[in-house]
Every structure is written in C-alpha cells, then in structure tokens.
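**Student:**
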Amino acid sequence: MQTPRRRDRGLNPGPQNCEADALTSWLPRNFQIVIKTRTRVLCHRMAEGIPRELLMNTALINELVEVAKDTAVLQGFVVRIKESPNSSEEVTHAPITLFPTPVPKALFLQAIAVQTHYNTLVDKISRDPEFLQEALGSTIAVDDFTARLFKIHQQVLKRGRLQSIVLGLNRSDYMLDQEDGPSSLKQIEINTFAAASGGLASRMPDVHRHILKVAGRLEESQRIIDNNPAVGLAKAVAKAWELYGSKRAVVMFLVGENEINTLDQRIIENELWKWNIASIRKYFEDVSESGKLDEDKRLFIDYQEVAVVYFRNGYNPQNYKSEKAWEARLMMECSLAVKCPDISTHLAGTKKVQQVLAEPGVLERFFPDQPQVVDQVRATFAGLYTLDMGEEGDKTVAMALATPDRFVLKPQREGGGNNIYGQEICELLGKVKNSAKRMAYILMDKVQPVPTQNYLLRRGKPHKICNCITELGFFGAYVRQGKDMVINDCVGYLLKTKSSEHPDGGVFAGVAVLDSALLF
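Just so we're aligned, residue -14 is where the sequence shown starts under the working numbering, counting upward by one.
1. Given this structure, state the Cα-to-Cα distance separating valine 151 from leucine 39, to the nearest angstrom.
2. Among the candidates Met429, Asp474, Val496, Arg146, whose CA atom is the shortest distance from the CA of lysine 224?
3. Can you tell me which of Lys232, Ala313, Phe459 puts its alpha carbon nearest to the alpha carbon of phenylalanine 269?
4. Taking contact to mean at least 3 C-beta pairs separated by less than 8 angstroms, is the segment 157 to 167 in contact with the segment 81 to 101?
5. Within this structure, are the beta carbons of leucine 442 and leucine 83 separated by less than 8 angstroms?
6. Quick check on this structure: which residue in Leu121, Leu147, Tyr305 has the alpha carbon closest to the alpha carbon of phenylalanine 135?
7. From this set, Ala53, Ala180, Gly166, which residue's C-alpha is nearest glycine 400's C-alpha?
8. For asparagine 212, count neighbouring Cβ atoms within 10 angstroms of its own Cβ and tell me buried if that reaches 16, exposed if not.
9. On the CB-based measure, 16 or more other CB atoms within 10 Å of its CB, does tryptophan 226 come out buried or exposed?
10. Locate the beta strand (DSSP E) running through arginine 391, then write down its first and last residues.
11. Taking 7 angstroms as the cut-off, is the C-beta of histidine 331 nearer than that to any heavy atom in the ligand NAD?
12. Keeping to the same chain, check which residues put their C-beta closer than 7 angstroms to that of arginine 25; ignore five residues upstream and five downstream.
13. Using three-state DSSP, classify lysine 282 as helix, strand or coil.
14. In chain order, what residues of the same chain lie with their CB nearer than 8 angstroms to the CB of tyrosine 103, ignoring the 5 residues before and after it?
15. In whole angstroms, give me the CA-to-CA distance for glutamine 339 and proline 356.
16. Buried or exposed: which applies to alanine 53, given that a residue is buried once 16 or more other Cβ atoms fall within 10 Å of its Cβ?
17. How is the alpha helix (DSSP H) around glycine 346 delimited, first residue to last?
18. Are there 16 or more other CB atoms within 10 angstroms of the CB of leucine 457, so buried, or fewer, so exposed?
19. Here's a check: name, in chain order, each residue in its chain whose Cβ is nearer than 7 angstroms to the Cβ of serine 485, leaving out the five neighbours to either side.
20. So, at 7 angstroms on beta carbons, what are the nonlocal neighbours of proline 85 in its own chain, with the 5 sequence-adjacent residues on each side left out?
21. How far does the alpha helix (DSSP H) with glutamate 75 in it reach, from first residue to last?
22. Put leucine 342 into one of helix, strand or coil per three-state DSSP.
23. Is there a Cβ of chain C sitting closer than 8 angstroms to that of glutamate 256, yes or no?
24. For the candidate residues Met316, Gly402, Glu409, whose alpha-carbon lies nearest to that of alanine 387?
25. Suppose the cutoff is 7 angstroms on Cβ atoms and the five residues either side in sequence are ignored; what does the same chain contact list for alanine 497 look like?
26. To the nearest whole angstrom, what separates the beta carbons of alanine 200 and valine 235, a pair I think is in contact under 8 angstroms?
27. Look at the alpha carbon of arginine 133 and the alpha carbon of tyrosine 295, and state the distance between them as a whole number of angstroms.
28. Given that a residue counts as buried once 16 or more other Cβ atoms are within 10 Å of its Cβ, and exposed if not, what is leucine 332?
29. Suppose you measure from the CA of alanine 292 to the CA of glycine 402; what does that come to, to the nearest Å?
30. Is proline 326 near phenylalanine 116, with beta carbons less than 8 angstroms apart?
31. Here's a check: name, in chain order, each residue in its chain whose Cβ is nearer than 7 angstroms to the Cβ of leucine 278, leaving out the five neighbours to either side.
32. How is the alpha helix (DSSP H) around valine 127 delimited, first residue to last?
33. From arginine 112 to serine 329, what does the alpha carbon distance come to, in whole angstroms?
34. Which residue wins for smallest C-alpha separation from asparagine 298, given the options Phe238, Gln466, Asp354?
35. According to DSSP, is aspartate 327 part of a helix, a strand, or is it coil?
36. Let me know if glutamine 303 comes out buried or exposed under the rule of 16 or more other beta-carbons within 10 Å of its beta-carbon.
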C-alpha cells in the first residue's frame, strides 16, 4: 500500500511574510527594492503570465523569435554546435523559451531559504562515512559504477584526507506539484557533481526582458529578476583557491571531450580571471600522462601546481574510458588539491542517498535539535521508496507495477535521459523484481505540475506552441575549512523547460531549454 504523501510543514511564505529580506540575500539590490516597494501587489495579485492573444499572434511571434535569437547572440547566450563541439568558430544561440515561465514567488523564496540547509546537509553527509556505508551498501553490491566510486572513497579514508578545505558547488532541482491542491515545491534531485548552466543562466534575464519589451509587455519585463550564479560560483572557487595558499597555483577544470556547453564553463573561468586566478582545462588523459604528486602530495599537471580541481566530467561510466582514467581520479582525490566535488560529496549526491534521507529519523541525524530545519528540508521531499530486498522493497515493486504512471524509476546515473517511466517501469521491474539487480534503482513519486504554453527555440527546429513543464533549480555554493563554514550561500537559479510529451531529458540532451522565472 502506498505511503500517504507528505504535506508541506516547512517554510511557506505568504502575504503576511512577503518582505523576506533575509531570504533574498543572493538577489541583486534592485530586486530587493522591488520586493519592498511592490510586495503587496505581487503577493496579493496572481499574475496572468503571457496572455493567450499574444501567444496566438502569429505575425508577432515570428518577429519575436528572430528578436530572441539575435538578442541571445548579442548577450553571449550561446553554445557550440554538435557538428563542431570543439570549436567556437561556429556557435548558435543556447536553447531557450520564447517567453519566461510564471513561478509563484512564495515557492521561489522557499527554495532560496532551504538551499543553505541543503549545502550543510550535503557537507555533513560527506563527512559521515558510516552513513554512506549504510546508505549505499545495497547499491554498491549491484551497481559497478557506484561501487568503483565507493572504492576510491574507501582508499581516500584509509590513506587519510590531506586537505581540510572543502568546496561544494551544487544545484537542487525542483518541480511544482499541483496534484494535491495548491502548488508545492518538490525536489527532483540534488546535483553535487558538475551542476551545469550557471554561466548561461547569468545571461538569460536580459534576453527575456528584451523580448517582453519588444512584445509591449513592459510590466512583465520588470518582474524578471537579475540572476548571476556564475559570480557566486566563481566566488566560492576563488575562496578555495585563496585558502589553498599558493598564488602560482591554478584552478583546473577537468572536462570531457566534444562538449557543446564549454562556453557555459568559460563564463565561470572568465569570472576567476577578474581575481587574476589562472585556470586550465584538462582531460582525464592529460592527468594520466602529465599529472604527478610531489612529496607533499601537491598535484602538478605539466609542471603547474593545481590548487582546485573543478570536476565537470566524471559523473558517468562512459567518462572513464580506460583504467588510466580511474587511476587519475584516485590520484587527484589523494592529492592536496581542493576537489569540487571530492569523492565523498560525489557519493552524497547519489539517488540512493536521496531516498534514504526521506526515511523517518534520518534528517534528524544531521540536524539534531534543529526541528525547524528538518521540517523545511523534509517539506521539499517527494515520496521516495526503497527497492532493497525484503518486505518493504517488495511492497515498492508491487506498488510500481500496479500504478506505474504514478512513479519514476531512477538508476544511479546523472546527466539526464536516464529515468524510466510508465510501461517501461513494468518491463524492467518485471525482469528484476525477484533479483538483487533491482537495488540499483529507487522509486519516486512522479511530480504532477500544471503545464504552461510556450515556444521552445532550438537551432534548426521550427517553433510551435506546445504544452510545457518546468524544472526549477537553485545553485548552492559553500566552502569549509576544517570545522568552519567560510561560505554558505544560495547564489542563483536555473529554470529548465521542456515539452510535456518528453518525460525525461536535459538541455544538452536536446530535450529541455533554458528559461527565466516570471515571479508572481
């Protein structure tokens, strides 16, 4: 029998709480002023969003599509193309919605408020090897990739952690569930490894503002807030570099081949250069061939000392093309360089850990004597269910097979396009329901958002109006040195929108596009 859905018991800012200055510290000063001066209007009036007569005005839409593409390029809102992913001589506008998507301000503020708690939670999990062993024990027994990561984690613990500086750049993703009455914020996942699009997100507001102005929607254009996660992410990297203590050392972006989102990463690199912090870009193969540790375990690549390793590659099995790649990962993890994320933080972002955190009493382990924090975090959880062997896992299997359209089956993989829906759940679980192989997955309630209508603009694709669903993510950045949390911030947001006909898939998988929040 299905566990009843959890009701939101955490922060729920309403009209009486609208001047939430403490919750908007990452927002630009101009928007904090807007909140103060127009808060009653925004809190008591439901925004209409984009009116249907505008959405159906074919001549104007055609004009706005061209305006949107040109404005995106002018603003540097661009990506490389698949035909030449390693060259910036041919670029195109990043995939984007024509119009911003309406988002309730109360839920937006709720996500901001809880993000620093998620930062703290991830950090505490990474420092709790007993919990990681308990949580991932069943998964590593059947999932070879997670098991390999866990082996590195164990090797690091055995050798002793050399670096007391920890850098975390994550993104907590949500959807707005409207199955049970008013909208509620439900977490889809937390990305602790290579949380992307922070650079491109910083370019989006001006694009959508200009589109709305050309469309004659000046009032709506003023409701799009500034958003610059690239600055906040770079600030945290810069602090970790500073604490490392060597001005000659560099920040190394560990990247993959044929990445069309390189320019998103370059935006953060350019922010680092504003502090005169040099960065280099290397592949696993480069680290294997020219990387070494000196007698103090300092990491050198091509004779350059590395202060921070910023992993933008290494979250999927196919990223490790040979045994040398795994050896390079271990060498970096055992070095004195600050890792983002380190191996323990990488494991803290797995789907299995997400599911275990939803079990009764688990959050209290990390926030003892902080019931309000526990409630705020737990309020964002969707229903999450174990598939471990035993009675509880058997009930989960039966529940999923009986009503597969109510759930999402998730493997321990990142990057979009990995989740399983509908009849495919029945097909997979039908094969593994009596096997330990089922423990490689978790089951989650399928969030039920209300679709909105919009146009999705992609290179080479015709624009047409479609029903869309949106995912709202918030970037967290933290730096800890020893026991002291030096930085712990929510530094911006990311909105991703896709056609409701696609159950899964991210921006760089060619399904979702980038978006802006039209707060109401």
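Think of the CB as a built atom: it goes at the ideal place given N, C-alpha and C, for glycine as much as any other residue. Small disclaimer: the values here were computed from a predicted structure and weren't measured.
**Tutor:** With the structure as the only source:
1. Spanning the alpha carbons of valine 151 and leucine 39 requires a straight line of approximately 49 angstroms.
2. Comparing Cα positions, the closest option is Asp474.
3. Considering only alpha carbons, the answer is Ala313.
4. They touch, by the three-pair rule.
5. The answer is yes: Cβ separation under 8 angstroms.
6. Closest option to phenylalanine 135, Cα to Cα, is Leu121.
7. Closest by alpha carbon: Ala180.
8. Buried is the call here.
9. Tryptophan 226 should be labelled buried.
10. From DSSP, arginine 391 is part of no beta strand (DSSP E); its letter is neither H nor E.
11. The ligand content of the structure shown is nil, which means the ligand NAD is not present either.
12. Interpretation of arginine 25 is limited by its pLDDT of 36, a score under 50 that renders its predicted location unreliable; the figure taken from the coordinates is listed afterwards. Excluding sequence neighbours, arginine 25 sits near nothing in its chain.
13. Lysine 282: coil per DSSP, three-state reduction.
14. Answer for tyrosine 103: Asn155, Ser157, Ile175, Val362, Gly461, listed in chain order.
15. Taking the CA atoms as reference points, glutamine 339 sits about 19 angstroms from proline 356.
16. In this structure alanine 53 is buried. Its beta-carbon is surrounded by 16 or more other beta-carbon atoms within 10 angstroms.
17. Here glycine 346 belongs to no alpha helix (DSSP H), and DSSP marks it neither H nor E.
18. Only buried fits leucine 457, as 16 or more other CB atoms lie within 10 angstroms of its CB.
19. Cβ neighbours of serine 485 beyond the five flanking positions: Pro436, Asn452, Cys453, Ile454.
20. Closer than 7 angstroms at the Cβ level, and outside the excluded window around proline 85, lie His193, Ile209, Asp500, Ser501, Ala502, Leu503.
21. Counting along the chain, glutamate 75 falls outside any alpha helix (DSSP H), and DSSP gives it neither H nor E.
22. Looking at leucine 342 - three-state DSSP - the assignment turns out to be helix.
23. Considering every chain present, this structure includes no chain C. It has just one protein chain.
24. With distances taken between CA atoms, alanine 387 lies nearest to Glu409 out of Met316, Gly402, Glu409.
25. Within the same chain, and ignoring the five residues on either side of alanine 497 in sequence, the residues whose Cβ sits closer than 7 angstroms to its Cβ are Lys481, Thr482, Lys483, Gly490, Gly491.
26. Not quite, the Cβ-Cβ distance comes to about 45 angstroms (not below 8 angstroms), so this is no contact.
27. Answer to the nearest angstrom: the Cα atoms are 20 angstroms apart.
28. Leucine 332 comes out buried.
29. Approximately 33 angstroms, taken between the alpha carbons.
30. No, they are not a contact pair.
31. Same-chain partners within the cutoff: Leu284, Met316, Ser320.
32. Valine 127 -> no alpha helix (DSSP H), and no H or E assigned at all.
33. One C-alpha to the other measures close to 7 angstroms.
34. Checking every option, the nearest Cα to that of asparagine 298 belongs to Phe238.
35. In this structure, DSSP gives aspartate 327 a state outside helix and strand, which the three-state scheme calls coil.
36. Taking every protein chain shown into account, the CB of glutamine 303 has fewer than 16 other CB atoms within 10 angstroms, so this residue is exposed.
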